[in-house]
Amino acid sequence: MKYCIFVFIFVTLLFAGGFGYTGISAASTPVNGGSDDIEITYINDWITADVVLGLDIYEYLSECYILASDPVSDHIQSYDASTTAPLGTMNLSGANDHCFGIAWNNNPDFDTYYINDWMDPVLYYTEDFGSTWTTAPNPAGNSARGMDFDGTDYWTTNGSGGGLWRFTPGAGQENIPTPFVTGQPSGLTVFPAGANLGIVITTYTNIFFFCEWDGSTMTLIGSTVCLPSCACSYGLAYSTSRDTFFWSYIDAANDYHLAEFTFEVASLEQSTWGAIKNSF
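The working numbering puts the sequence shown at residues 21 to 300.
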């Protein structure tokens, strides 16, 4: 009985603050990004019954689903983006038992899903919705956490101080420094920013970093502390159809959340900011 209690306590502690977190702390205040301020507006905040890591969005016609990896149940869970009602699941490779980031290729006719692993330095991918899995080299090794696909390239975080990787599996890769990101990144998502690409990074602790990639330079637009406060921040995703962001986190009571939010830069809506940037 004592052994069972010990195992239960150990597993609880592991999952409450684990999932690839190395314990590297982030700054308690955001890093300034020029003169721009970031204002977050939360639209929804739901408690889920599952672990929700990584995050991505599946969108096709009227369908809009949140995808989240769950290393406890060894599957990818989909949720209705309007209600977070659980929908279908996709089984993972048996070897991918430390799954974190998930990235869909945005092609409903030829679905491909990439999943990373915080212990195994490869990417697992499936082209038949989880019936079979293959591996590919991961440019970030087992330091990868959040991932996303911008329509051309995949993006992934790369540990603490490792910047980001922009890559096409098996075809090429580029490491992009992000010296302004303090602490260990967990989630990442991309979104349109006029003619450029917007990127949001979150750390395991409590900060969002909003960046812009113009094809050659990564610029910090601004950063802000995640609100509500969280014990660990785990994932980000952007919905084109809803023009909102989704964030996964765990609170002090060990409840897992999916939250939906928008942001403003310098008191301008993100779409306005993108249009103004594009007009210069």
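The C-beta atom is built at its ideal place from N, Cα and C for all residues, glycine as well. Just so you know, these numbers come straight off a predicted model, no measurement behind them.
> Opposite Asn216 in the DSSP bridges: which residues?
Replying inline: Ala213
> DSSP three-state call for Asn162: helix, strand or coil?
Replying inline: helix
> Counting Cβ pairs, one atom from each stretch, are 3 or more of them under 8 Å apart for the stretch 198-207 and the stretch 219-227?
Replying inline: yes
> Based on Cα-Cα distance, which residue from Asn216, Asp70, Leu240 and Met110 lies nearest to Gly171?
Replying inline: Asn216
>> Quick check on Met238: does DSSP put it in helix, strand or coil?
In response: strand
>> Less than 6 Å between C-beta atoms, sequence neighbours within five positions excluded: which residues of the same chain meet that for Pro128?
In response: Tyr80
>> I believe Thr176 touches Gly190 by the beta-carbon criterion, under 8 Å. Please report the beta-carbon distance rounded to the nearest angstrom.
In response: About 15 Å separates the two Cβ atoms, so there is no contact after all.
>> Tell me the residue span of the beta strand (DSSP E) that contains Trp124.
In response: Cys119 to Trp124
> How long is the line joining the alpha carbons of Phe39 and Asp76, rounded to whole angstroms?
Replying inline: 17 Å
> Going by DSSP, which residues form a beta bridge with Cys231?
Replying inline: Ile219 and Leu240
> Comparing the C-beta of Glu280 with each C-beta of chain C, is any distance below 9 Å?
Replying inline: Of the protein chains in the structure, only one exists, and it is not chain C.
> DSSP on Asp16, reduced to helix/strand/coil?
Replying inline: Because the chain in this structure spans residues 21 to 300, residue 16 falls outside the shown range and cannot be described.
>> Could you check whether Ala160 and Tyr145 sit closer than 9 Å to each other, using their CB atoms as the reference points?
In response: no
> Taking the continuous beta strand (DSSP E) assigned at Gln204, which residues delimit it?
Replying inline: Neither: Gln204 is in no beta strand (DSSP E) and is coded neither H nor E.
> How far does the beta strand (DSSP E) with Arg186 in it reach, from first residue to last?
Replying inline: Leu184 to Thr188
> If you check the beta carbons only, do Leu112 and Tyr254 fall under 9 Å apart?
Replying inline: no
> What did DSSP end up calling Thr132 once you bin it into helix, strand or coil?
Replying inline: coil
>> On a Cα-Cα basis, can you pick out the residue from Asn126, Phe149, Tyr133 and Thr154 that is closest to Ala115?
In response: Thr154
>> Could you check whether Thr132 and Phe281 sit closer than 9 Å to each other, using their CB atoms as the reference points?
In response: no
> Taking just the CA atoms, how far does Asp57 sit from Thr239?
Replying inline: 14 Å
> Does the Cβ of Asn274 have 16 or more other Cβ atoms within 10 Å, making it buried, or fewer, making it exposed?
Replying inline: exposed
>> Can you tell me whether Glu232 is buried or exposed? The criterion is at least 16 other CB atoms within 10 Å of its CB, across all chains shown.
In response: buried
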